[in-house]
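For reference, the structure is listed below as C-alpha cells.
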Amino acid sequence: MKQLLQVCFLLLLISTTLRAQETPAPTARRVNEQGTVSGYIKDAANGEGLIGVSVFVKETGTGITTNSYGFYSLTLPAGTYNLVYTYVGFARQTRTVDLTGENVRLNIELQEEGRELQEVTVSTRREDDNVKSMAMSVNTVEMKTIQKMPALLGEVDVVRSIQLLPGVSTVGEGATGFNVRGGNVDQNLVLLDEAPVYNSSHLFGFFSVFNPDAVKDVKLVKGGIPALYGGRISSILDVRMKEGNSKRTTVSGGIGLIFSRLTIEQPLFKDKDGQARGSFIIAGRRSYADVLAKPFLTGDLKGSRFFFYDLTAKANYRINDKNTIYASGYLGRDVFGADFGFNWGNATTSLRWNHVFSDKLFLNTTAFYSNYDYLLDSDLKRENQKDFFNWKSSIINYSVKPDFTLFLKNNTLTFGGQAIIYDFRPGEANAASGGEVRSFGLESKYALESALYIGNEQQLSRRVQLQYGLRYSLYNYLGPGESYEFQTDVPAGKRRCPVSTTTYDRNEVIQTYGNWEPRFSAKYELNEVSSLKVSYNRLAQYLHLVSNTTASTPLDVWTPSTNNIKPQLADQIAGGYFRNFGKTGTEFEASVELYYKWLQNQVDYIDGAELLLNKYLEGDLLNGKGRAYGAEFYLKKNRGDLTGWISYTLAKTERFVDGINNNRWFPTRFDKRHTLNAVALYDLNKRWSFSASFAFATGTPGTFPTNGYLFQGYLLPHNAENSRNNYRIPPYHRIDLSATLQNRKKRPDQKWESNWVFSVYNAYGRRNPFSVFFRQAEEKRTVTLNGEQVQIPVAEAVRYSVFATLIPSATYNFKF
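Just so we're aligned, residue 294 is where the sequence shown starts under our numbering, counting upward by one.
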C-alpha cells in the first residue's frame, strides 16, 4: 500500500508541475505565438464520445485523433485554420478556427451518414487510417461490422469475430480464450472498461462475456504496444462499453433460440435547457436451453442445469466542463452440471474520473476491482447435507491507475502509473461423509505489482512519425505464507521435492522482481497511399496459467510469480507495409506484417504433473523458453455493396524445455502453420443483407503413442520416442452463412426498429476434430505368438468433435 501511495503522489506532483508550466501569465496571452484548440467529439444521435476521430489541419497537413473519451487537443502557430473532422460512418465536418487570440474550446457532434451506415468498418476509423496512423499490429473492430457477421446460434460475439483477423487463432471449438502470435491464452490482457477479465468466455468458449448491445469499441493490439499497457506479453484486447444514450430513452434487445437479451439506455440529470449531464446503460442476457430441455431430461440427466447469464451496467455524470465521472460494472456466471457440476464467473467494477487540467493536459484516473472464481460441487441442489464435496478457487485484483496525456506541438506525451494488489486463492475444499465434514486446501497467495511509464508520439515531419516510451514494473511476492526450496540435483524433467520451508508474516516481501520494458515504433509514409512501419517492444508478465490440458478450461489454476516461478518475458520485433488503392483511393486496403517473438520463463510440466490442490506444485513445474515468428497478409474492401476481407497467417510457435522432447524444440499445443479467413458482406437492398465467413486452419499438435504394450489382456499405449506434440490432428475448416431482414416501418417517424437474423453455422456439416484420443476397441485380432494363435485387443484412434453437423438459428432483434 505504501508503494501505491508513492506512485500516486509522484504522478500528481508531475501533473501539478506541468500544469503550472502550461498556464502563462495574462500578459503573455496577448502576445501568444501559438494557440490550442481542444474539445470533445460526440455522436449527435446519442451523445456517445467517439474514439479515434481524425482531426486534420488543412493548412499544415498534420492532425490528431481523439482519445478513449473523445477528447482532442491541437497546438498550432498563431493563425486561422480549417479543421476537418472525419470518422467512418459519419458525415465530414469542417470548422474554421482563429488561434490569434485566446485558446479555443470546440466541441463537435458528428451526424451519421446514411450511405456509410451500410458499409463495413473493421480496422479503420478514418478512410486512410491504416496508412496514416502510427499504430501497427492493431485491429479496431466496429460493432456495426460484428453485428453483420454470421454468428453461432444467432448471437453476435466479440471474441469469435476477432478470431477472423490475422495473427489470431484458437485451439478449437470448446476452448476458452484465444491465441495471438504464438502466445498462450493467459498472455492476453483482456480489459472491460480497463478492468481485467480472466476468463472471457461463456459456455466453454462458444460465446464471450461481452454483451454486444453494451459494447462501443473493440481494439486488439498485437505489437507495437504503447507504454501505457503492461502485465501481459502477447496482446491487449481493450473493450470499451457504451456510456448510455444522453439524448433520449432507448430500449433494445433480441430473442433467440437459446437465450435472449435486453438493454435500456437513459439520460440523467437534465439541465434547464434540456441537456443531460449524464446517462446510464444496463444490459442483461440469460440463456434458457436448460428450461427448454427440462421436460425431455430423464434418469441421471433429470435436474441438470446448464445456463449462463450476465449483467453489464455503466453510468456517467458530467460535473462541469473539466470533470466527468464514470462507474461501470459486470457480473456474469456459467452453471453446468446435475448431481455433480461446476460453475464459474467474473465480476468487475470500474470507477473513473476524467479531469481536464488545461487545454493541453488531460487526466484519467481509474480504480477497479476484478474477481474471477469457479466452484466444483457434488451436490448443486444441496438436498443431501451428509455427503458432498465442494471446491472453490478465485483470483481477486484491486488497482488504481492514473493516466495523463499532454498535448504539445507535434508531440503527444503520455505518462502515468499503476498499482495492482493480487489475492490468489488456489483452492478451498470441503468434503462430508456420513455428516462428518473435513476442510482442506491451499493457502492464499498475495502480490503487489506497481509500474510507472512515459511515452511520446512525435511528428518529425509530414512523412516520419515516432512513438517511443519506457515502462518500469516492480513486483513483490508477499506474505503471509510459506516459500519452498526444492532439490537442485534432480534430472531434468523429473519431480523435485522440497528440502526447506520458510514462513513469512503479513506483507513481508518473499521475492522481488523488476523489469524495464522499452517500447518503440516508427512510421515512414512513402506517399499518400502507402507507408512502412516497424516496432519493438519488451513486456513482462507476473501471472501464470497452470494448465496441461489440450485446451485451457475455466477450471485451470492461476498462480503468481514466486521465488521458484520467474516472471514471463517477451521481446517482439515487427515490420509491415501498408497500402490503399482503388477507384476512390481507399476502396481497398492491404497490409503485410512480419514478426518475431522471443519468450523467456515459459511454464511447462513434468510428465504426470499434479496441478490441483498440490501444495508443492512448483516442484512439478519446468522453466522453458519459446519463439514465435510469422507473416500476416490482409486485404480488405471498404466500399460498395460487397465488402469484406481476407486474411492469411503463416506462423510457427515452438518451445524448448530442458528434459522435455529429448531436449529439442517442439511445437506448442496452439501452433498452427496456416490460418486462412475470409469474410464477405453484401447489401442486396435496404431490407436484405447477406454475409458469409470461411475459416481454415492447420490442425493443432498432440502427443500420440508410437507403440503399445499388452498387459493382462489390456493394450497400454506408449510413446517410445519420449517426444512431445509429435503428431497433428486433421485440419479445421468451416463456412458460416447469415441473412438479415429489416422490417418495414409503418410510418417515417416510427421509433420501433426491428430485424430478423437467420444464420447457419458450419453450413456443410464438417466434423472438425477438437482432439484425437486412443482407446482399446471391442473387437480383437488373431495373431500367432510362440506357435500359438491368440487374440489381442485392437487400438483405435477416436476423433472427438464438438459440432459434427450444421447448426441453424433465427434471432429477432428490436429497438425503440
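Cβ atoms here follow ideal geometry from the backbone N, Cα and C, with glycine treated the same way. Given the structure is predicted, the values throughout are model-derived calculations rather than measurements.
| Query | Result |
| --- | --- |
| By alpha-carbon positions, which one of G546, R962 and F600 ends up nearest to V449? | G546 |
| According to the neighbour-count rule (16 or more other Cβ atoms, all chains shown, within 10 Å of its Cβ), is H837 buried or exposed? | buried |
| Over what stretch of residues does the beta strand (DSSP E) that includes K738 continue unbroken? | K738 to Q752 |
| Buried or exposed for R1027, please, with buried defined as at least 16 other CB atoms from any protein chain shown within 10 angstroms of its CB. | buried |
| Where do the ends of the beta strand (DSSP E) carrying S454 lie? | Where S454 is concerned, there is no enclosing beta strand (DSSP E), although the alpha helix (DSSP H) it sits in stretches over V451 to I455. |
| Which residue's Cα is closest to the Cα of I574: G622, S580 and T617? | G622 |
| Please work out which residues of its chain come closer than 6 Å, Cβ to Cβ, to T698, disregarding the five sequence neighbours upstream and downstream, and give them in chain order. | F655 and T707 |
| Quick check: the Cα distance between R453 and L904, rounded to an integer number of angstroms? | 29 Å |
| Take the Cβ of D897 as the centre, count every other Cβ of all protein chains shown within 10 Å, and call the residue buried at 16 or more, exposed below. | buried |
| Is the CB-CB distance between K826 and G868 below 8 Å? | yes |
| Roughly how many whole angstroms lie between the Cα atoms of E409 and L977? | Summary for E409: the model assigns pLDDT 38, below 50, so the residue's position carries little reliability; its value from the coordinates is reported in the next sentence. Spanning the two alpha carbons is a distance of roughly 15 Å. |
| CB N1019 to CB T991, shorter than 8 Å? | no |
| My output table needs one value for F599: the three-state DSSP class, helix, strand or coil. | strand |
| Where does T316 sit, in a helix, a strand or coil, going by DSSP? | Residue placement at T316 is poorly supported in this model, since its pLDDT is 43, which falls under 50; the coordinates still yield a value, given next. Coil. |
| Taking its Cβ as the centre, do 16 or more other Cβ atoms sit within 10 Å of I1124, making it buried, or is it exposed? | The chain is shown only over 294 to 1109; residue 1124 falls outside these bounds and no answer can be derived. |
| Hey, T329 and T393 are a contact pair by Cβ (cut 8 Å); roughly how many whole angstroms apart? | That belief does not hold up - the Cβ atoms of T329 and T393 are roughly 13 Å apart, past 8 Å. |
| For my contact list, D680 and G727 are in at a C-beta cut-off of 8 Å; report their separation, rounded to the angstrom. | 7 Å |
| Take Y619 and list the residues in its own chain whose beta-carbon comes closer than 6 Å to its own, dropping the five residues that flank it on each side. | N609 and R645 |
| Among the candidates L343, S539, G467 and I401, whose CA atom is the shortest distance from the CA of Y1093? | G467 |
| For the stretch 900-935, which segments carrying the beta strand (DSSP E) assignment without a break, of at least 3 residues, lie completely within its bounds, in sequence order? | 914-930 |
| Give the single residue among F364, H1011 and R957 whose Cα lies nearest to the Cα of N647. | F364 |
| Determine the extent of the beta strand (DSSP E) in which T1133 is found, giving its start and end residues. | Outside the modelled stretch of the chain, which goes from 294 to 1109, sits residue 1133, for which no answer is possible. |
| Relative to the alpha-carbon of E341, which residue among F349, A785, E405 and G774 has its alpha-carbon at the smallest distance? | E405 |
| Per the DSSP calculation, M534 is bridged to which residue(s)? | V508 |
| What residues are listed by DSSP as bridge partners for A1090? | F1067 |
| Per DSSP, what kind of secondary structure is D421 in: helix, strand or coil? | coil |
| Return helix, strand or coil for F503, following the three-state DSSP convention. | coil |
| Am I right that V972 and L513 are in contact with their C-beta atoms under 8 Å? What's the rounded C-beta distance? | Actually they do not touch by this definition, with Cβ atoms about 15 Å apart. |
| In chain order, what residues of the same chain lie with their CB nearer than 6 Å to the CB of E801, ignoring the 5 residues before and after it? | G772 |
| Who are S732's beta bridge partners in DSSP? | N723 |
| Determine the extent of the beta strand (DSSP E) in which T642 is found, giving its start and end residues. | G634 to V649 |
| Less than 8 Å between the C-beta atoms of V822 and V424, yes or no? | yes |
| If you check the beta carbons only, do T387 and N400 fall under 8 Å apart? | no |
| Helix, strand or coil: how does DSSP classify S416 here? | Any reading at S416 must be qualified, since the residue scores a pLDDT of 36, below 50, and its modelled position is unreliable; no value is offered. |
| Does the distance from the C-beta atom of N492 to that of P784 stay below 8 Å? | no |
| Indicate whether T379 and T389 have their beta-carbon atoms separated by less than 8 Å. | no |
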